[in-house]
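The block underneath contains the structure these notes are about, expressed in structure tokens.
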Amino acid sequence: MWSDNETTVDYLNFGVVADACAKLLQQAKGTPISVGVSGGWGVGKTSLVRMIEGRLKLADAPDTNTYVIVTFNPWLYQDFEGARGALLQLVGDEVLRLAAKNEPLLKKAKRLVKRINLLRLAQLGGEAAVTLYTGVPVGSIGAAVMKVGGFLGLGGGGESDESDDGDGKKEKAADKGEPDGLFKPAEPVSLPSEIQAFRNALEELLEELKVTLVVFVDDLDRCLPKTAISTLESIRLLLFLKRSAFVVAADNEFIRGAVRVHFEGTGISGEVATNYFDKLIQVPLHVPRLGINEAKAYLALLLMERAHADGDFDKVGFEAAREAIPRRLQTSWKGDAVTSEFLQSLVGLSNMRMLELMQLAEGLAPLLTQSSAVNANPRLMKRFLNTVYLRSALAAPQGIDLDIPSLAKWHLVERCDETLANALAARVTSDADGRVPVLREAEAAAASGAALPEPFKDDPFSREWLQLKPPLGEVDLRPLLHLSRDTATRDFGADNMTDEGRALRDALVTATASNAPLTDAIRAAGAIQAGMAMGKAWQLKAAKRTWRSGEDVVPLLEPCKVFPELAAQASALLEEAPVAKVGPGIIPPLYAQQWARPIVDKWETDSSVEQRTKTAIQQAKKGAR
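Going by our numbering, the first residue of the sequence shown is number 2, and it counts up by one from there.
The structure is reproduced here in structure tokens:
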């Protein structure tokens, strides 16, 4: 199985981008710089960041400049500690480590850490604010300080704060019986001046240490909005200092959503939300989307890696391929594509097992790139192959003999066209030994260019899938269906649906609007079967649901018109809607149904719903009066 973790092994041709970004950071020569690595879930942001980090470490020049890497993952601190304080503390700890062998710099570093502790304490507010202003610990903070010396490393229980008496003599505050560290009576603290003093102190230390502090912030888009904004605000404290650089990896859409949540009720526009992040980032860097060429290379390398682990591909050949494929991608602008001949030359014409896998990579790449269900997402492509190999592992103990290409072809139609997969599965019977005659007919039609029979749509995906090796028209599909039960997309004899229920399910999946035959099918199925069909159809259409068109909710609306008692079930399904994706086109048909109105009304007050959708809700309300 392939790990879902980040990697510095470049299978995605990110090396060129990583080289360019690392060079940009080096050319800054101490000038502050911030880089934003943007991209959606699973596109490889973290791997790209790790590659940049690795290249910086190789660029150290100890006499003039050393890159000090601080990697911060705010997701790890969520619900445990404020992200803002955690980032500042990581920076302080790293500076302490660097200054450990230089006594004068160590003292400066300790003072810097105390300033960090002050800023962290300032976040507590209330009693903390009084304590900071008066210098006298009060309330729960005072109790904590007096009970546990060294609160946050500042009290008497921690390292003593030494003060100069003017003659160069240092006395410990604790020897005088006075509060030590920050808590010196009648010394008001100005937070703005403390923030600036902290920035000045850090900048001075970085210069004296001859280091450039590079902070990598990752997994920001896994955090709750509050944590994400807190992290961005902590970045602001450190941003644009000499000898500092930031590389922030995040999904821009998520950041915009977090900003909208943070400023909820202020009427903030989408443009302002975008500007909030843009003001922190000087150089935006978007993770490149994989094309068919890159997808083919990625799949080929993953399959080679697995074959090498299984003993089907020798180490020398694998290492040579790992070097040759990225080189090929770097010259693809010249027309040097990753062709079948190129892949065959890497694995050898005598290795039939590897030739079969390379043919599979070549066939899967365009379909996984063009499919909206996968969209060339590296993480989803890796998970696709993990599922295929998991099923292969499950097959042997059950006496099922299926090769990887057959498993991959079937899983591809499950992943990218569930409606077609369901229609083919429904045609599998024991009378025909698990074979589907219409599949054989369709494969022949696709090969000759003839029209495709039902249930196939005459679209590029169907034609390319039918021509993908191996053909399945003469294959018993029952083992494939048996192994696919883990995906929860098949109803392989386990859902107790009648023939009328299954017919209704299929009709709801394909329906784009209300029509008389659909209404008749709902009545024929009855309330119980209609409810089951509605739930199954809703699940099957999930991958293609845009949440912007009225046809997206037809599977919920039509059964409820005939059987109002299904409204509670439909409401529960609608409640799970990703409200940020809901478009105005879906509102009129929903608001026409009484059961859906309470849900739509809640969307109107949700800050993550776009303004056009809210306007559509307001118009629907006026029309309903």
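C-beta: ideal position from N, C-alpha, C; glycine also.
Counted within 10 angstroms of its Cβ, other Cβ atoms place residue i as buried (16 or more) or exposed
i: ALA397; result: exposed
i: GLU559; result: buried
i: LYS603; result: exposed
i: ASP418; result: buried
i: GLU1; result: The question about residue 1 has no answer, for the chain in this structure spans 2 to 626.
i: LYS280; result: exposed
i: GLU363; result: buried
i: THR614; result: buried
i: PRO438; result: exposed
i: GLU254; result: exposed
i: GLY83; result: buried
i: ARG328; result: exposed
i: ARG121; result: buried
i: MET533; result: buried
i: GLY178; result: With a pLDDT of 44 at GLY178, under the threshold of 50, the modelled position of this residue cannot be trusted; read the value that follows with caution. Counting Cβ neighbours within 10 Å, GLY178 comes out exposed, since fewer than 16 surround it.
i: LYS235; result: The sequence given here has Ser at residue 235, not Lys. Under this definition SER235 is a buried residue.
i: LEU192; result: exposed
i: GLY619; result: In the sequence on display, residue 619 carries Gln and not Gly. Counting Cβ neighbours within 10 Å, GLN619 comes out exposed, since fewer than 16 surround it.
i: ASP252; result: buried
i: GLU444; result: buried
i: PRO63; result: exposed
i: ASN423; result: buried
i: PRO661; result: Absent from the structure is residue 661, since the part of the chain shown begins at 2 and ends at 626.
i: LEU155; result: For LEU155, the pLDDT reaches just 44, beneath the cut-off of 50, and the residue's location in the model is therefore unreliable, although a value from the coordinates is still provided. By the neighbour-count rule (16 or more Cβ atoms within 10 Å), LEU155 is buried.
Start and end residues, alpha helix (DSSP H) containing residue i
i: THR388; result: 379 to 396
i: TYR299; result: 293 to 310
i: ALA597; result: Per DSSP, ALA597 belongs to no alpha helix (DSSP H) and is neither H nor E.
i: MET353; result: 353 to 371
i: GLN345; result: 341 to 348
i: ILE405; result: 405 to 417
i: GLN620; result: 612 to 625
i: CYS561; result: 555 to 563
i: PHE319; result: 316 to 331
i: LYS227; result: 226 to 239
i: SER572; result: 568 to 575
i: PRO438; result: 438 to 449
i: ALA84; result: 84 to 100
i: GLU7; result: Segment: none, GLU7 is in no alpha helix (DSSP H) and carries neither H nor E.
i: GLN399; result: First-last for GLN399: undefined, no H or E at that position.
i: PHE462; result: 461 to 468
i: ARG479; result: 479 to 484
i: ILE588; result: 588 to 592
Limits of the unbroken beta strand (DSSP E) element including residue i
i: THR513; result: Note, THR513: premise wrong, no beta strand (DSSP E); not H, not E.
i: ILE70; result: 67 to 73
i: PHE15; result: No beta strand (DSSP E) holds PHE15; DSSP gives it neither H nor E.
DSSP beta-bridge partners of residue i
i: SER39; result: ALA251, HIS287
i: LEU214; result: VAL69, SER245
i: ALA62; result: ASN66
i: ILE34; result: ALA246
Residue i at chain C interface by Cβ criterion, 8 Å
i: TYR68; result: Although the question refers to chain C, the structure presented lacks it and comprises just one protein chain.
**Report entry** Contact the region 198 to 209 vs the region 45 to 57: 3+ CB pairs below 8 Å
**Finding:** no
Query raised in the report: If we count Cβ pairs, one from each stretch, closer than 8 Å, do we get three or more for the region 38 to 50 versus the region 217 to 224?
Result: yes
**Report entry** Cβ contact (3+ pairs, closer than 8 Å) linking the region 455 to 465 and the region 512 to 530
**Finding:** no
Query raised in the report: Counting Cβ pairs closer than 8 Å, one from the region 325 to 334 and one from the region 496 to 508, do we hit at least three?
Result: no
Query - Given 8 Å, three or more beta-carbon pairs between the region 298 to 310 and the region 6 to 23 - result: yes
Requested in this report: Kindly confirm or deny that the region 225 to 239 and the region 66 to 82 touch, where touching means at least three C-beta pairs closer than 8 Å.
Outcome: yes
Requested in this report: May I ask you to verify whether the region 285 to 292 touches the region 32 to 40, counting CB pairs closer than 8 Å and requiring at least 3?
Outcome: yes
Query raised in the report: Okay, do the region 354 to 372 and the region 399 to 410 touch, 3+ Cβ pairs below 8 Å being the bar?
Result: yes
Report task. Examine the Cβ distances between the region 604 to 624 and the region 258 to 267 and report whether three or more of them are shorter than 8 Å. Result -> yes
Requested in this report: Would you be able to state if there are at least three C-beta pairs under 8 Å between the region 548 to 555 and the region 521 to 534?
Outcome: no
Query raised in the report: Just checking, does the region 304 to 324 make contact with the region 335 to 353 on the three C-beta pairs under 8 Å criterion?
Result: yes
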